[in-house]
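Below you'll find the structure, written out as structure tokens, and then a few comments.
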Amino acid sequence: MSDAPRVEVTPAAALLIRRLRETHGPLMFHQSGGCCDGSAPMCYPDGEFRTGGSDVLLQSLTVDGVTEPVPFWISASQQEVWSHTRLIVDVVQGRGSGFSLEAPEGVRFLIRSQLL
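Heads up, the sequence shown is in the working numbering, so the first residue is 12 and it goes up one at a time.
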């Protein structure tokens with residue numbers, strides 16, 4: 012397998028992460044294998060979403076302008092499905108889940124993928 016990062020962020024996503032960090036403090040992502048909004052990456056204040064034994068810390072993201080790494084968690088079952096995929100966190104117009112921090116901004120995070 013490649014030494015390339017498993018998770019990356021687009022410039023637009025990095026900008027949004029910086030804004031959310033200024034407002035909410037340290038952040039984390041969780042990517043579940045659910046349907047609908049549950050299949051989108053969800054952004055929370057770090058530690059607000061309780062991870063468990065069925066979750067894997069896929070990577071701690073380094074985002075320019077953010078002092079601490081942003082943990083990116085994924086459900087173990089979803090990690091298995093996407094084990095040969097690089098996940099690219101992007102942002103698009105439109106409301107996503109009401110639980111993710113970007114929802115009031117009128118945008119939503121989404122995952123694009125690239126085979127490793």
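Idealized CB from N, CA, C, for every residue including glycine. From a predicted model like this one, the values you see are computed outputs, not experimental measurements.
Pull the bridge partners of residue i from the DSSP assignment, please.
i    : result
F120 : V102
D14  : Bridge partners of D14: none, in fact.
V81  : L72
Work out the CA separation of residue j and residue i for me, nearest whole Å.
i   : j    : result
G58 : G36  : 11 Å
I7  : V118 : Because the chain in this structure spans residues 12 to 127, residue 7 falls outside the shown range and cannot be described.
P52 : A114 : 12 Å
Return the Cβ separation of residue i and residue j in integer angstroms, given the expectation that the two are a contact with Cβ distance under 8 Å.
i   : j    : result
Q70 : R97  : Contact flag wrong, Cβ pair sits at about 10 Å.
L38 : V102 : Not confirmed; about 14 Å, so no contact.
D75 : A25  : 6 Å
V20 : V77  : The pair is not a contact, with the Cβ atoms about 10 Å apart (cut-off 8 Å).
What does the Cβ neighbour count give for residue i, buried or exposed, with the cut at 16 atoms within 10 Å?
i   : result
S43 : buried
S86 : buried
Output yes if chain B places a C-beta closer than 9 Å to the C-beta of residue i; else output no.
i   : result
V81 : No chain B is present in this structure, which holds just one protein chain.
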